[in-house]
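Q: Under my numbering, residues 356 to 654 are what the sequence shown spells out, in order. The C-beta atom is built at its ideal place from N, Cα and C for all residues, glycine as well.
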Amino acid sequence: MGRHKALVILVVVALLFGVQGLLAPSQGRADQPRDWPVGPQPGGTYLNVDTVFPGMQAQVEHRTPIYGQANELTLKANTLLALPFLESQVDADLRLIVLSIGGSVGYRDTFQTFQYGPGDDLSRLHRLDMQTGGNYKATQAGFGEARATLALPFNDNALLLSINGLRYEGGPDRIFDWRAGIVRDSGMIFKSDTSLFFKHRSLGAAGPMFEILDFPLDGVRHTQLNYGFTVVTRPGFLRKNDLFFLSMLFNLGSTLGGYDNSKVYGTHIFYGAFTFQLAYRMVFELKGPPTSPANGGDE
């Protein structure tokens, strides 16, 4: 019952702020570049409301410039309600020109935890049978992460973004990780996501993505390489400050070290060895910067 109430609250928040964004007087839709999500962001406090597949997320974000626009402290708090889990976390990141150092702590209540015993079939097809047969349970666990992010612009039309995180995941061993698309034990997980964005103010940004995923399973660490792409743009459903995001990752074979994850990795409801993130975000200014317009728009 708790997750249903949370979903109702998130939907109401999305509807209220969505209507406000559609009706509020502001600049025309054509004024804000479609690649604004991968550009510099102004200071201030903002509410981000996400419709994700499948679920809703609400996030409060506060950005404080330090010694001009080159350095910035960002604080976030969010709640994500998806069909298989409810997750809340707080983040803090300090950006120094092109390098950001940060961390997160959070708590996850997973409604559909697939846990495997020794010798069990870990494949996507078996996982789908487990889901349709109701062979799952609810678990709760905390997590913490330290990360370093490099955002390196080559010119006005190319940007390298690399997010590298070392995360501790609590909870039971030999479970399916809904976020990463793997079966893993609890413990330390390293993930590195690197994207090369090619961007244009009239179109948005898109480019290839490469992921390194290192995780424990049965007392052994495995390193997996995934490949894919990312697309981000401003669809313009609001007068300003909305974005569409799609990221897909594919696994093309065995992990490093001989562990074959080709039949395990991925989203089992689609049968394939891939994962994806699909989201639409609305950004609402709660308290803008003292002198500059918010998020790339002209006041």
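State whether the segment 523-541 contacts the segment 503-510, with contact taken as three or more CB pairs (one from each stretch) at a distance under 8 Å.
A: The segment 523-541 vs the segment 503-510: no contact.
Q: Can you confirm whether the segment 413-427 touches the segment 442-460 when touching is taken to mean that 3 or more C-beta pairs between the two stretches lie within less than 8 Å?
A: yes
Q: Suppose only complete runs of 4+ residues qualify. What are the alpha helix (DSSP H) ranges in the segment 520-574, listed by chain order?
A: none
Q: Looking at the unbroken beta strand (DSSP E) that takes in LEU507, where does it start and where does it end?
A: Start and end: 492-510.
Q: DSSP three-state label for THR487, please.
A: helix
Q: What distance in whole Å lies between the Cβ atoms of SER550 and MET564, which are believed to be in contact at a cut-off of 8 Å?
A: 5 Å
Q: Going by other Cβ atoms of all chains shown within 10 Å of its Cβ, with 16 needed for buried, is VAL575 buried or exposed?
A: exposed
Q: Since TYR635 and PHE599 should fall inside the 8 Å C-beta cutoff, what is the C-beta to C-beta distance between them, to a whole number of angstroms?
A: The pair is a contact, with the Cβ atoms about 6 Å apart (cut-off 8 Å).
Q: Give the DSSP bridge partners of GLY410, in chain order.
A: VAL407, ALA437
Q: Which same chain residues, not among the five before or five after ASP484, have their C-beta less than 7 Å away from its C-beta?
A: Nothing listed; no residue qualifies.
Q: Does the structure place the segment 514-524 close enough to the segment 471-491 that three or more beta carbon pairs sit under 8 Å?
A: no
Q: I'd like the span of the beta strand (DSSP E) that includes GLN467, first residue to last.
A: 454-468
Q: If the criterion is Cβ atoms closer than 8 Å, does the pair GLY458 and ALA493 meet it?
A: no
Q: What would DSSP say about PHE584, mapped onto helix, strand or coil?
A: strand
Q: Buried or exposed, going by whether 16 or more other CB atoms sit within 10 Å of the CB of ILE456?
A: With fewer than 16 Cβ atoms within 10 Å of its Cβ, ILE456 is classed as exposed.
Q: Suppose you measure from the CA of MET637 to the CA of THR419; what does that come to, to the nearest Å?
A: 20 Å
Q: Suppose you measure from the CA of GLY643 to the CA of GLN444; what does that come to, to the nearest Å?
A: 23 Å
Q: Tell me whether ASP386 sits in a helix, a strand or coil according to DSSP, three-state version.
A: In the structure shown, ASP386 sits in a helix (DSSP, three-state: H, G or I).
Q: Tell whether a beta-carbon distance below 8 Å holds between LEU607 and PHE629.
A: no
Q: Which residue from GLY621, LEU568, ALA432 puts its Cα closest to that of ASN403?
A: Taking the Cα of ASN403 as reference, the smallest distance to any Cα among GLY621, LEU568, ALA432 is reached at ALA432.
Q: Using only CA atoms, which one of PRO388, GLU416, PRO409 lies nearest to THR400?
A: GLU416
Q: Let me know the secondary structure DSSP gives PRO392 once reduced to three states.
A: helix
Q: Given a cut-off of 8 Å on the beta-carbon distance, is the pair VAL460 and ALA437 in contact?
A: no
Q: Measuring CB to CB, does THR434 end up less than 8 Å from GLN467?
A: The beta carbons of THR434 and GLN467 sit no closer together than 8 Å.
Q: Have a look at GLU566 and LEU641 and give me their C-alpha separation to the nearest angstrom.
A: 34 Å
Q: Per DSSP, what are the beta-bridge partners of PHE599 in this structure?
A: THR588, TYR635
Q: So, for TYR491: in the same chain, excluding its five sequence neighbours on each side, which residues have a beta-carbon less than 7 Å away from its beta-carbon?
A: GLN467, THR468, PHE469, MET485
Q: With 16 as the cutoff for other CB atoms within 10 Å, does PRO392 come out buried or exposed?
A: buried
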